[in-house]
Amino acid sequence: MADNSPWNKVYSGPDYTQVHKMERTVVFLLFIVIVNQRVFCEYVFRSLLYENRTDPATRQLYEFRKDHPKPIGLLTISSGEPVDVRKTITLNTDIFDNTYFVDSLLHLDSEVIPERVVHAKGTAAWGYFEVTNDVSKYTKADVFNGIGKKTPIVGRFSSVAQNKGGNDLAREAKGLAIKFYTREGNLDYLCLNFPVFSLKDPEYFKSFAHILKRNPQTNLVDNTARIDFFSLRPETLHNVLWLLSDYGIPNGYRKMDAFAIHTYEINNRNGERYFVKFNFRTQQGIENLPSDEAMRISGMDPDYYNRDLYNAIEKNDYPVWKFEMDVLNFTDILNLNYNPFDVTVLWKKGTYHTVEIGRIIFNRNPDNMYRVSELSAFNPANLVPGIPGPIDELFKSRRLSYGDTQKHRLGANYNRIEVNHPTYVKVYNRDGEPPVEDNMKNAPNYYPNSFSGPIPYVDASKPKNKLSLLESQTVDFQEAAYFYNHVLDNDDQRTRLANNTVQLLLQNPPFLQQRWINLYYMIDYHLGDETASLLYRALKYTNTTIVPRKILRVPRDKCY
Numbered sequence: 001m002a003d004n005s006p007w008n009k010v011y012s013g014p015d016y017t018q019v020h021k022m023e024r025t026v027v028f029l030l031f032i033v034i035v036n037q038r039v040f041c042e043y044v045f046r047s048l049l050y051e052n053r054t055d056p057a058t059r060q061l062y063e064f065r066k067d068h069p070k071p072i073g074l075l076t077i078s079s080g081e082p083v084d085v086r087k088t089i090t091l092n093t094d095i096f097d098n099t100y101f102v103d104s105l106l107h108l109d110s111e112v113i114p115e116r117v118v119h120a121k122g123t124a125a126w127g128y129f130e131v132t133n134d135v136s137k138y139t140k141a142d143v144f145n146g147i148g149k150k151t152p153i154v155g156r157f158s159s160v161a162q163n164k165g166g167n168d169l170a171r172e173a174k175g176l177a178i179k180f181y182t183r184e185g186n187l188d189y190l191c192l193n194f195p196v197f198s199l200k201d202p203e204y205f206k207s208f209a210h211i212l213k214r215n216p217q218t219n220l221v222d223n224t225a226r227i228d229f230f231s232l233r234p235e236t237l238h239n240v241l242w243l244l245s246d247y248g249i250p251n252g253y254r255k256m257d258a259f260a261i262h263t264y265e266i267n268n269r270n271g272e273r274y275f276v277k278f279n280f281r282t283q284q285g286i287e288n289l290p291s292d293e294a295m296r297i298s299g300m301d302p303d304y305y306n307r308d309l310y311n312a313i314e315k316n317d318y319p320v321w322k323f324e325m326d327v328l329n330f331t332d333i334l335n336l337n338y339n340p341f342d343v344t345v346l347w348k349k350g351t352y353h354t355v356e357i358g359r360i361i362f363n364r365n366p367d368n369m370y371r372v373s374e375l376s377a378f379n380p381a382n383l384v385p386g387i388p389g390p391i392d393e394l395f396k397s398r399r400l401s402y403g404d405t406q407k408h409r410l411g412a413n414y415n416r417i418e419v420n421h422p423t424y425v426k427v428y429n430r431d432g433e434p435p436v437e438d439n440m441k442n443a444p445n446y447y448p449n450s451f452s453g454p455i456p457y458v459d460a461s462k463p464k465n466k467l468s469l470l471e472s473q474t475v476d477f478q479e480a481a482y483f484y485n486h487v488l489d490n491d492d493q494r495t496r497l498a499n500n501t502v503q504l505l506l507q508n509p510p511f512l513q514q515r516w517i518n519l520y521y522m523i524d525y526h527l528g529d530e531t532a533s534l535l536y537r538a539l540k541y542t543n544t545t546i547v548p549r550k551i552l553r554v555p556r557d558k559c560y
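If you use our numbering, the sequence shown corresponds to residues 1 to 560, in order.
Structure representation (structure tokens):
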């Protein structure tokens, strides 16, 4: 028998071939680890470098990919049918049999709604309002009573005359519209960054909107139309001086105040009425830009305002405004030597007192700007008990106009769109364009009724006497003169106003230039004289035709 004992086997030494193979394998694996580690380190370094050198707005898609490392779901058409990957290519196929193509193309044809007539370009943010002071003495409005109470809000920041793709840094008024979602309904304030408006007669608002837009033939912004209109309606000059001064171009939406313009009537639970101007004071500090700096920035980023607001919120640097009101009582109103309801004038210092109400904070960017900024519908007629609102003619016209324009843009049920929806609503309105929500289900659709439909309430604290207002067409240059001599507090500011005026006048016909200079003389002799001198010099030495300083000539024979 063979001896199978392991002791009988001859020991032949180690298998060096296998050892060398193992060594090579280990070295190769170490090489792979080192290379991968280096690649990974370089990737991490590049990622950190990218994150450090870019702003949150630029990184939006990058951040989405970080939050969703895998696809967020299966692609469908709008009816929910899943899309086969072969449907995403249409070349050499029957496109009319491709439901994905048809669904996408036809939706594109109808996805744009009418642009706003004014304030078309804007951005939006979510936030909240917090009461910081007891104002129950002045108003019974629930939203303003109870220190520490918080109310959700949405705000839309905008530029008055720009189209949706326009330039944030154009020298024109900026807007801030705020919607408070109160327990008593939506409360909307539509504010400007200037404390005075251009017009008090609503008849001229249509023309005012037209001259802010483009010339019907050239489709260009027309300063001739603006100068002509403003000079023929000299009550606009007070507002125009604000516009042409250092206040004209804010350094972003966060660095401007906002004013609700009108004088609002408010009342408390005892029926006592007060008259107030609502103001929002930025806590970021007022900052404005000179014309040359605004031009430089706009050449690189015409969306500078929108980007600045978005980035600040993403960085948790939440913008804050103090909310306050300037107050007059009924006796004060009767003893004033100016019209406190005139939207083209400032209330005189010493005739009113200021009361803090609270603060507003914007702390969240929309996850989809269209459904907030474009679908939002602000209306100055959206008021709550305790705030009956202004009584001037301009406001009365806005009550009518804003609701109508929102119906044109968004349909009759615009208040049922999510961003506009009140926290509580019971109506007899029915049907119409979507959204209709529950359409009040099976409740009675007529009033009055005997079948438990919603009923109105009795406002026992409503003031019994109604105030009537007789407005005058008289133009008082005293307001514009006060702005020039006192709001502007040094000669450098006054010279910049004159220079900005000259830039507006340069391309106008001589008779309009002279008419404007004459109006400036009526406001203040020094203003008229300095503007006339600067205009004469500019006309003598300035070529108003814009031509490029450099051009590039490229060969075309190599292209086609």
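Note that CB positions come from ideal geometry on N, CA and C, so glycine has one too.
Bear in mind that the values here come from a model prediction, so they are computed numbers and not experimental data.
query, result
"Counterpart residues of Thr123 in DSSP-defined beta bridges", "Phe157"
"Which of helix, strand or coil DSSP assigns to Val566", "Only positions 1 to 560 of the chain appear in the structure, and residue 566 is not among them; the question remains open."
"Same chain only: Cβ atoms within 6 Å of Leu244, ignoring 5 sequence neighbours per side", "Leu497, Asn500, Thr501"
"Met325 in three-state terms, based on DSSP", "strand"
"At least three beta-carbon pairs within less than 8 Å, the segment 260-273 to the segment 225-235", "no"
"Residues that Tyr264 bridges to, as DSSP identifies them", "Val276"
"Asn279 beta carbon less than 8 Å from that of Asp303", "no"
"Cβ pair Thr344, Lys255 closer than 8 Å", "no"
"Simplified DSSP assignment, three categories, for Asp188", "strand"
"His353, buried or exposed, once every other Cβ within 10 Å from all chains shown has been counted against 16", "exposed"
"Close beta carbons around Lys348, own chain, < 7 Å, minus the five adjacent residues each side", "Tyr338"
"Gln507 versus Tyr424: straight-line alpha-carbon distance, rounded", "54 Å"
"CA nearest to the CA of Glu172, picked from Gln217, Met300, Asn239", "Asn239"
"Span of the alpha helix (DSSP H), counted from its first residue to its last, around Glu530", "525-541"
"Beta-ladder partner(s) of Leu504, from DSSP", "Its beta-bridge partners do not exist; DSSP assigns none."
"Asn316 versus Asn363 - alpha carbon distance", "7 Å"
"Proximity test, Asp109 beta-carbon vs the ligand GDP heavy atom, cut-off 7 Å", "Here there are no bound small molecules, and the ligand GDP is not part of this structure."
"Ala225 (DSSP reduced to helix, strand or coil)", "helix"
"Alpha-carbon spacing of Gln60 relative to Gly155, whole angstroms", "21 Å"
"Three-state secondary structure (DSSP) of Ile417", "coil"
"Contacting residues, own chain, Cβ-Cβ under 6 Å from Ile178 (five flanking each side not counted)", "Ile153, Gly155, Tyr189"
"Close beta carbons around Ser136, own chain, < 7 Å, minus the five adjacent residues each side", "Asn145, Asn268"
"Three-state secondary structure assigned by DSSP to Thr351", "coil"
"Continuous beta strand (DSSP E) assignments of at least 3 residues falling wholly in the segment 288-334", "320-329"
"Backbone secondary structure at Pro82 - three-state DSSP", "strand"
"Opposing strand residues paired with Glu437 [DSSP bridges]", "DSSP lists no partner for Glu437."
"Reduced DSSP category for Pro202 - H, G, I as helix; E, B as strand; rest coil", "helix"
"Three-state secondary structure assigned by DSSP to Ala258", "strand"
"Stretch-stretch touch, CB-based, cutoff 8 Å, three pairs: the segment 116-132 with the segment 155-165", "yes"
"Extent of the continuous alpha helix (DSSP H) run through Ala480", "478-482"
"Endpoints, the beta strand (DSSP E) within which Phe180 is located", "174-182"
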